[in-house]
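Chemist: Sharing a structure, written as structure tokens. Questions coming.
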Amino acid sequence: MNHRPPRIESKLPDVGTTIFTVMSQMAHDAGAINLSQGYPDYDGPPRLIERLQHYAGHGYNQYAPLAGVPVLRQAVAAKVARFYDHACDADAQVTITPGATEAIYCAVTAVVRPGDEVIMFDPVYDCYDPAVRLAGGVPVHLTLAAPDYRIDWDAVGRAITPRTRMIMVNAPHNPSGSVFTPDDIAALRELAVRHDLVVVSDEVYEHLVYDGRRHESVLRDAVLARRSYAVFSFGKTFHVTGWKTGYCVAPADLMTEFRRVHQFVAFVTNTPVQHALADFMTSDPQHLDELPAFYQRKRDRFAAALTRSRFGFTPAAGTFFQLADYSAISDLDDMAFVTWLTREVGVAAIPMSVFYKAPPGDRTVRFCFCKEDETLERAAAKLAAL
Ligand code: PMP
Ligand code: GLN
1 MNHRPPRIES KLPDVGTTIF TVMSQMAHDA GAINLSQGYP DYDGPPRLIE RLQHYAGHGY
61 NQYAPLAGVP VLRQAVAAKV ARFYDHACDA DAQVTITPGA TEAIYCAVTA VVRPGDEVIM
121 FDPVYDCYDP AVRLAGGVPV HLTLAAPDYR IDWDAVGRAI TPRTRMIMVN APHNPSGSVF
181 TPDDIAALRE LAVRHDLVVV SDEVYEHLVY DGRRHESVLR DAVLARRSYA VFSFGKTFHV
241 TGWKTGYCVA PADLMTEFRR VHQFVAFVTN TPVQHALADF MTSDPQHLDE LPAFYQRKRD
301 RFAAALTRSR FGFTPAAGTF FQLADYSAIS DLDDMAFVTW LTREVGVAAI PMSVFYKAPP
361 GDRTVRFCFC KEDETLERAA AKLAAL
């Protein structure tokens, strides 16, 4: 008998534990204020929580339909009609998923074949590149230049080859907070049509845009909507990241392929959460309208505190993240800096280099400001003292 375990060759040999888990654990161990991983330290709306208790307590605890609970898909269709003037069929074009992460994985897996090239932009959210590689695709990393982190569409045009199949965009952008303008949408449309690309548009921060800006969704553009998987997250929008629920909107033919994958990755998304979200979206539509101001106040509070520090920054245009340059404070590389900041100063942040294939070596970290005002004030006092 051979008792040796099977030898497997890693498909992702260069990948460690995600930085969000690493930094939250480090913050926990050090008793530091955790401005690293993006999640609120406040709860979702009480009425939403009550609805979950209601459904879990009243027998809504078995498998949901494959595409998601119909009332929630209808609420999503109404929402994208209201915000993006996009008419979609809740049955054929909306799928509820266990988070945006699963939706991104399914969209990539449904489309990308071995050797296909997929364009993405560094600093890039950490799940895109592994999803492409697991599908046998080739990630093509372009770089967004500091300080404004905008896409150089001419460079995108030059990077496209006959093997390019997909482009993955994220606006509002994690980690930089940059947002799309109508010109970005026009440029994306032009290239996607000319080269017959499928678009994955990660819009999980759709409602977190500031200073009167408007979120430019691909769904607003009929041509782009026809070739896009638009991905969203209830976790961000309703302050319930731990519920891990999101959704994808795509044209029926793209969605058919998406569901072929989704049914064997997750099969379905949990039932009582979907019913609770549907009720809340119907009873409290104003929640979405209030979000930009709610987060803009937090951004401004945190920015005011950073102004009193030696960190350099430009206030984020969107998301609940704020980049900050620490070159006036330390020469440490960013991983060493956040380790020091967490353990010695008591504030955890995310090092920017983790979002790059080839880190530019600048001295920048990401702080998350979706925190109680009191948490932000305590963190600010520590940061201002450096
Ligand atoms: N995309 C981006 C840009 C994110 O920041 C996140 C998570 N915060 C996700 C996708 C994943 O969202 P979810 O938790 O719904 O899977
Ligand atoms: N998206 C969140 C962030 O950027 C965290 C999600 C995660 O931990 N995977 O901080």
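Residue numbering for the sequence shown is 1 to 386, as defined by my numbering. Beta carbons: idealized from backbone N, C-alpha and C, even for Gly.
How long is the line joining the alpha carbons of L66 and Q93, rounded to whole angstroms?
Modeler: Locating residue 66 in the sequence shown gives position 66, where the first residue counts as 1. Locating residue 93 in the sequence shown gives position 93, where the first residue counts as 1. About 13 Å.
Chemist: In whole angstroms, what is the alpha-carbon distance linking V69 and N270?
Modeler: As a working note, residue 69 is residue 69 in the sequence shown. As a working note, residue 270 is residue 270 in the sequence shown. Near 9 Å, if we compare the C-alpha coordinates of N270 and V69.
Chemist: Counting along the chain, where does the beta strand (DSSP E) carrying Q322 start and finish?
Modeler: Position 322 of the sequence shown, counted from the start, is the residue given in the question as residue 322. For Q322, the enclosing beta strand (DSSP E) starts and ends at F321 to D325.
Chemist: Provide the residue(s) that pair with P139 in DSSP beta bridges, ordered along the chain.
Modeler: Position 139 of the sequence shown holds residue 139. V118, per the DSSP bridge assignment.
Chemist: Three or more C-beta pairs under 8 Å: does that hold for the stretch 296-308 against the stretch 336-354?
Modeler: When C-beta atoms of the stretch 296-308 are compared with those of the stretch 336-354, fewer than three pairs fall below 8 Å, so the two segments do not count as touching.
Chemist: In the DSSP assignment, find the unbroken alpha helix (DSSP H) run with Y247 in it and report its ends.
Modeler: Residue 247 sits at position 247 when you count from the first residue of the sequence shown. Segment G246 to V249 is the beta strand (DSSP E) holding Y247; no alpha helix (DSSP H) there.
Chemist: Alpha carbon to alpha carbon, how far is A385 from A192? Give it in angstroms, no decimals.
Modeler: In the sequence shown, counting from the first residue as 1, residue 192 sits at position 192. In the sequence shown, counting from the first residue as 1, residue 385 sits at position 385. Each residue's alpha carbon lies about 48 Å from the other.
Chemist: Could you have a look at R4 and say whether DSSP puts it in helix, strand or coil?
Modeler: Here residue 4 refers to the residue found at position 4 when the sequence shown is read from its first residue. R4: coil per DSSP, three-state reduction.
Chemist: Would you check if there are 3 or more beta carbon pairs closer than 8 Å linking the stretch 277-290 to the stretch 46-61?
Modeler: Cβ pair count under 8 Å is three or more, so yes.
Chemist: Apply the 10 Å Cβ neighbour rule to G59 and answer buried if 16 or more other Cβ atoms are within range, or exposed otherwise.
Modeler: Here residue 59 is taken as the residue at index 59 of the sequence shown, counted from 1. Exposed, because fewer than 16 other Cβ atoms sit within 10 Å of the Cβ of G59.
Chemist: Would you mind working out which of Q296, L134 and R163 sits nearest R213, comparing C-alpha positions?
Modeler: To locate residue 213, count along the sequence shown from 1; it is residue 213. The candidate whose alpha carbon is nearest that of R213 is Q296.
Chemist: Do you know whose CA, among R133, D253 and R150, lies nearest P114's CA?
Modeler: Residue mapping note: residue 114 aligns to position 114 of the sequence shown, counting from 1. The shortest C-alpha separation from P114 is found at R133.
Chemist: Below 8 Å on the Cβ atoms is my guess for H239 versus P13; work out the distance and round it to an integer in Å.
Modeler: The residue given as residue 239 occupies position 239 in the sequence shown. The residue given as residue 13 occupies position 13 in the sequence shown. About 36 Å separates the two Cβ atoms, so there is no contact after all.
Chemist: What is the DSSP secondary structure of T282, counted as helix, strand or coil?
Modeler: Along the sequence shown, one-based indexing puts residue 282 at 282. Here T282 sits in helix by DSSP.
Chemist: Taking only heavy atoms of the ligand PMP into account, decide whether any of them is closer than 7 Å to the Cβ of E68.
Modeler: Position 68 of the sequence shown, counted from the first residue, corresponds to residue 68. The sequence shown places Gly at residue 68, not Glu. Not so, every heavy atom of the ligand PMP lies at least 7 Å from the Cβ.
Chemist: So which of D184, A171, F267 and D211 has the shortest CA-CA distance to A230?
Modeler: Walking along the sequence shown from the start, residue 230 turns up at place 230. Ranked by how close their Cα comes to the Cα of A230, the residues D184, A171, F267 and D211 have A171 in first place.
Chemist: When you measure from the CB of N174 to every non-hydrogen atom of the ligand GLN, does any distance come out below 7 Å?
Modeler: Numbered from its first residue, the sequence shown carries residue 174 at position 174. Indeed, a heavy atom of the ligand GLN lies less than 7 Å from the Cβ.
Chemist: Please report the distance separating the alpha-carbon of V249 from that of Q286.
Modeler: Taking the first residue of the sequence shown as position 1, residue 249 is located at position 249. Taking the first residue of the sequence shown as position 1, residue 286 is located at position 286. Whole-angstrom Cα-Cα distance: 22 Å.
Chemist: What did DSSP end up calling P351 once you bin it into helix, strand or coil?
Modeler: On the sequence shown, residue 351 is found 351 positions in, with the first residue counted as 1. P351 carries a strand assignment under DSSP once its states are collapsed to helix, strand and coil.
Chemist: Would V179 pass as a contact of G318 if the rule is Cβ separation under 8 Å?
Modeler: Position 179 of the sequence shown holds residue 179. Position 318 of the sequence shown holds residue 318. Going by C-beta atoms, V179 is nearer than 8 Å to G318.
Chemist: Output needed for Y55: all residues of its chain with C-beta closer than 7 Å, excluding positions within five of it in sequence on either side, in chain order.
Modeler: Counted from its first residue, the sequence shown places residue 55 at position 55. Only P272, H275 and A276 meet the Cβ criterion.
Chemist: Could you please give me the residues that DSSP links to T95 through a beta bridge?
Modeler: Counting from one through the sequence shown, the residue named residue 95 turns up at place 95. DSSP lists C248 as partners of T95.
Chemist: G242: beta carbon under 7 Å from a heavy atom of the ligand PLP?
Modeler: Absence of the ligand PLP from the depicted structure is noted, with the ligand PMP and the ligand GLN being the only ligands included.
Chemist: Is it the case that the Cβ atoms of V199 and S228 are separated by a distance below 8 Å?
Modeler: For the purposes of this step, residue 199 is taken as residue 199 along the sequence shown, with counting starting at 1. For the purposes of this step, residue 228 is taken as residue 228 along the sequence shown, with counting starting at 1. Yes, the pair counts as a contact, with Cβ atoms nearer than the cut-off.
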